[in-house]
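Chains as they are written, first to last, in the numbering used here: chain A, 20 to 314; chain B, 130 to 310. For each residue, glycine too, the CB sits at the ideal point set by N, CA and C.
As structure tokens, then:
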């Protein structure tokens, strides 16, 4: 009886997944053929293959409010980030991970630092034409984390210590931005005597597919107009040497003020998963400011 | 004796093989009045602002007028400042983008232009790969056809014309065509 219950849930999840994928595909196709709006590649949950301007510095603060069936209490993560455009092809980020998960793993009132991350992206190919481009970049990330590992999901951007490297391809085509990335992630033991659980897969392949669209302004007259963008992203992970995977959908809206300050509101939700996850659904609010010609 | 002979040979050699450079008169010089640059690879205003800031930072630049919608930047220069056109291209590339079109508005004062005659204008060396010998006066627009200054698609029609001049390898030579506008 238990078996048939889980099979039913499995089938329901699959149907939901298929429905979401078809809606996503329709949206994508509509966007591709639409010539009205301009595209945007400043994605909320992923990085595009493009770079920051050389010698500029960006400051970012991301606030994640997540929970899940495995942990209904609210998990709050705060990730401040400093980004530097070293030259026109290379950018480097450093980020800090703070959360309200206490050391035994249960979310609570304590808010503390859990780790640091370093991220680098190198754009190695670019083909520019007026209003369109195709870019390819490679990226890598290394993170520390001292929280207790309570889920099979591997995420080195706030939960696991480890390293990651991958590639991003971004196309701006007929004013529509589409981006895709693939990467390999290796989880390591977390700090503070929290090793990676033995027997659990510690390697993963992550992939993403993102699309973005500029809704406002309809015509550019200057730099002080507020830009309003809409994004839709698919984020997935497969644990190597296992049959465990998840697929999440993440719509987002974005405001850009004075062509320098950015405000993102995103919602991430699991579409399908057969691995244990603690806080996979929820909102993200981010503010970012770009300083030109600094270093 | 041997040294004098070598020196004489060198002088003769330079005189023969040195492309003719039109000297600049002191006052009322032919000079660059404005640059009109179209950037490519961008759609959003944040990207455009990055280019705007990058161009504005250049010492010789007085004002940058940005047409955000069409990615066109009109650049005017400060008086008595050394204009280096290459810096404008580098500024666009440092911002993360490319130059699709680079036009230089030049105020000509009775200049004779021809293929094989390099023209120094505001400290920048121009070469006309394929032009009928003519006298020019007044405001004319030159389009740079070198790689990095024109989209590859538009460069294709000029490929047969650009001969390349490697004599002054250390100095940048801008190969240009006189536009009709």
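Open item on the list: Under 7 Å, CB to CB, which of the residues in the segment 240-252 of chain B have a partner in chain A?
Closed with: Residues: none.
TODO: Take the Cβ of residue 211 of chain B as the centre, count every other Cβ of all protein chains shown within 10 Å, and call the residue buried at 16 or more, exposed below.
DONE: Counting Cβ neighbours within 10 Å, residue 211 of chain B comes out exposed, since fewer than 16 surround it.
- [ ] Might you give, ordered along the chain, the residues of its own chain that have their beta carbon closer than 6 Å to the beta carbon of residue 276 of chain A, omitting 5 neighbours on each side?
- [x] 245.
TODO: Could you pull the start and end residues of the beta strand (DSSP E) that residue 281 of chain B belongs to?
DONE: Counting along the chain, residue 281 of chain B falls outside any beta strand (DSSP E), though it belongs to the alpha helix (DSSP H) covering 281-284.
Open item on the list: Taking 8 Å as the threshold (beta carbon to beta carbon), is residue 229 of chain A in contact with chain B?
Closed with: So no, residue 229 of chain A is outside the interface.
Open item on the list: Taking DSSP's pairing of strands, which residues face residue 223 of chain B in a bridge?
Closed with: DSSP, once it has assigned bridges, lists no residue as partnering residue 223 of chain B.
Task: Cα-Cα separation between residue 55 of chain A and residue 171 of chain A, rounded to whole angstroms - done: The pLDDT assigned to residue 55 of chain A is 32, lower than 50, so where the model puts this residue is not dependable; a value taken from the coordinates is nonetheless given after this. The alpha-carbon atoms of residue 55 of chain A and residue 171 of chain A are separated by roughly 43 Å.
Task: For residue 216 of chain B, three-class secondary structure by DSSP - done: Helix.
TODO: Count the other CB atoms, across all protein chains shown, that sit within 10 Å of the CB of residue 244 of chain B; report buried if there are 16 or more and exposed otherwise.
DONE: Counting Cβ neighbours within 10 Å, residue 244 of chain B comes out exposed, since fewer than 16 surround it.
Open item on the list: So if I threshold CB-CB distances at 8 Å, which residues from the segment 212-228 of chain B count as touching chain A?
Closed with: Answer set for the segment 212-228 of chain B: 222, 223, 224, 225, 226 and 227.
TODO: Kindly identify the DSSP beta-bridge partner or partners of residue 111 of chain A.
DONE: Here residue 111 of chain A is bridged, per DSSP, to A/103 and A/139.
Open item on the list: Counting beta carbon pairs with one atom in the segment 227-237 of chain A and one in the segment 189-204 of chain A, are three or more of them shorter than 8 Å?
Closed with: Remark: three or more beta-carbon pairs, one from each stretch, lie closer than 8 Å, so the segment 189-204 of chain A and the segment 227-237 of chain A are flagged as touching.
Open item on the list: With DSSP as the reference, identify every bridge partner of residue 110 of chain B, one or two as the case may be.
Closed with: Since the first residue of chain B shown is 130 and the last is 310, residue 110 of chain B is not available in this structure.
TODO: Closer than 6 Å by C-beta to residue 63 of chain A: which residues in its own chain qualify, once you throw out the five before and the five after it? Chain order, please.
DONE: Excluding residues within five positions, the ones whose Cβ falls inside 6 Å are 250, 271, 283 and 285.
- [ ] Within its chain, find whatever has a CB closer than 7 Å to the CB of residue 251 of chain B; leave out the 5 residues flanking it on each side and keep chain order.
- [x] The residues are 160, 161 and 212.
- [ ] Use the C-beta contact count for residue 184 of chain B: other C-beta atoms within 10 angstroms, 16 or more gives buried, fewer gives exposed.
- [x] Result: buried.
- [ ] Classify residue 296 of chain B as helix, strand or coil using the three-state DSSP reduction.
- [x] Legend: pLDDT at residue 296 of chain B = 48, less than 50; position of this residue unreliable, value from coordinates given subsequently. If DSSP states are grouped into helix, strand and coil, residue 296 of chain B belongs with coil.
Task: Reduced DSSP secondary structure (H/G/I, E/B, other) of residue 185 of chain B - done: The DSSP-derived three-state label of residue 185 of chain B is helix.
- [ ] Report yes or no: is there a C-beta of chain A within less than 8 Å of the C-beta of residue 277 of chain B?
- [x] Chain A contact via Cβ: absent.
Open item on the list: Can you find the residues in the same chain that come closer than 6 Å, C-beta to C-beta, to residue 231 of chain B, ignoring five residues on each side of it along the sequence?
Closed with: If we look at residue 231 of chain B and ignore the five residues flanking it on each side, its Cβ neighbours are 166, 273 and 278.
TODO: Give the C-beta separation of residue 226 of chain A and residue 259 of chain A to the nearest angstrom, bearing in mind that I take them to be a contact with Cβ-Cβ under 8 Å.
DONE: Not really, about 13 Å apart at Cβ, beyond 8 Å.
TODO: To the nearest angstrom, report how far apart residue 331 of chain B and residue 195 of chain B are at their CA atoms.
DONE: One cannot answer for residue 331 of chain B here, as it falls past the ends of chain B, which runs 130 to 310.
Task: Buried or exposed by the 16-neighbour rule on C-beta atoms within 10 Å, applied to residue 181 of chain A - done: In the assembly as shown, residue 181 of chain A is a buried residue. Its beta-carbon has 16 or more other beta-carbons within 10 Å.
Task: chain A contact for residue 164 of chain B (CB, 8 Å cutoff) - done: Cβ-Cβ to chain A under 8 Å: no for residue 164 of chain B.
TODO: Would you mind stating whether residue 151 of chain A and residue 142 of chain A have Cβ atoms separated by less than 8 Å?
DONE: No. Outside cutoff.
Open item on the list: Contact defined as beta carbons within less than 8 Å: I believe residue 175 of chain A pairs with residue 156 of chain A. What is the distance between those atoms, to the nearest angstrom?
Closed with: Contact between residue 175 of chain A and residue 156 of chain A does not hold, since the beta-carbon distance rounds to 18 Å and is not under 8 Å.
Open item on the list: Would you say residue 241 of chain A lies against chain B (beta-carbon separation less than 8 Å)?
Closed with: Yes, residue 241 of chain A counts as interfacial toward chain B.
Task: Selected residue, minimal CA-CA separation from residue 90 of chain A, among A/306, A/279, A/65 and A/295 - done: Shortest Cα-Cα distance from residue 90 of chain A to any of A/306, A/279, A/65 and A/295 involves A/295.
TODO: Please look up how many angstroms separate the CB atoms of residue 116 of chain A and residue 132 of chain A, rounded, as I've assumed it's under 8 Å.
DONE: Their Cβ separation, rounded to whole angstroms, is 7 Å, which keeps residue 116 of chain A and residue 132 of chain A in contact under 8 Å.
Task: Spatially closest choice to residue 82 of chain A from A/306, A/265 and A/186, by CA coordinates - done: It is A/306.
TODO: Please check if any C-beta of chain A sits within less than 8 Å of the C-beta of residue 155 of chain B.
DONE: Confidence is the limiting factor: at residue 155 of chain B the pLDDT is only 37, short of 50, which leaves the residue's position unreliable, though a coordinate-based value still follows. No - not a single Cβ of chain A is within 8 Å of the one on residue 155 of chain B.
Task: Between the CA atoms of residue 266 of chain B and residue 58 of chain A - distance to the nearest angstrom - done: For residue 58 of chain A, the predicted structure reports a pLDDT of 44, less than 50, and the residue's modelled location is therefore unreliable. A value from the coordinates is still provided. Between residue 58 of chain A and residue 266 of chain B, the C-alpha separation is close to 44 Å.
Task: Rounded separation between residue 60 of chain A and residue 141 of chain B - CA only - done: About 59 Å.
- [ ] Please report how far the alpha carbon of residue 198 of chain B lies from the alpha carbon of residue 239 of chain A, in whole angstroms.
- [x] Residue 198 of chain B and residue 239 of chain A have their C-alpha atoms spaced approximately 5 Å apart.
Open item on the list: Can you list, in chain order, the residues of its chain with a C-beta nearer than 6 Å to that of residue 243 of chain A? Leave out the 5 residues immediately preceding and following it.
Closed with: Excluding the 5 residues flanking it on each side, residue 243 of chain A has same chain C-beta neighbours closer than 6 Å at 277, in chain order.
- [ ] Pull up the CB-CB distance for residue 255 of chain B and residue 287 of chain B, whole angstroms please, since I reckon it's below 8 Å.
- [x] Their Cβ separation, rounded to whole angstroms, is 15 Å, which puts residue 255 of chain B and residue 287 of chain B out of contact at 8 Å.
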